[in-house]
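Working notes for the structure below.
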Amino acid sequence: MNDKSEIMPQMPLLLGWAGVIPFGIAAIGAHSGISVLVLYGLLGGTTYAAIILSFLGAVHWGLAMQDDRHPAWYVWSITPALLAWPTLLVFDVEFRLLGLIPLYGLAWSVDRQAFLKGLIPAWYMRLRHGLTAGAVICLSSMLLA
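Structural data, given as structure tokens:
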């Protein structure tokens with residue numbers, strides 16, 4: 413990557429943090445004590461978490477298309493969605509959360525490896541640190557609801 417990879421564009425920064433807002437709302441709902449909000453917070457929050465994992469994988473599909481990368485990157489690009497999907501097939505929210513939270517760590521780890529190989533820009537990895545932490549903190553707090 414070049415020097416431009418160090419400069420974080422404003423739009424991804426704003427949209428990335430806007431994407432953390434639903435995690436926060438879900439966590440607040442889960443702790444609200446109002447049964448319908450608890451239900452929506454837990455089920456909605458875990459569903460949103462699975463959707464975002466799909467997005468995190470899709471980033472690698474786009475990068476693989478752009479740079480004609482090794483086919484393994486295409487395989488990885490669908491892996492987060494395929495691993496998150498089974499968590500949504502049950503209504504046990506603890507199972508969902510215990511399945512989803514480690515997947516955020518896995519996705520971060522793959523992004524970190526891609527960064528170390530120079531395949532993704534530095535600004536994206538810096539953004540991922542904060543966004544992943546925000547998502548995992550909110551999801552972890554839902555385990556306590």
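413 is the number of the first residue of the sequence shown in the working numbering; add one for each residue after it.
Just so it is clear, CB atoms sit at the ideal spot from N, CA and C, and this is done for glycine as well.
Problem - Limits of the unbroken alpha helix (DSSP H) element including Ser447 - result: Ser447 to Asp479
Handout entry: Among Ala545, Leu531 and Leu551, the one whose alpha carbon lies nearest that of Phe507
Key = Leu551
Exercise for the section: Would you be able to state if there are at least three C-beta pairs under 8 Å between the segment 508-525 and the segment 465-481? Expected result: yes
Exercise for the section: Decide yes or no for the touch test of the segment 478-495 against the segment 443-458: beta carbon pairs closer than 8 Å, at least 3 of them. Expected result: no
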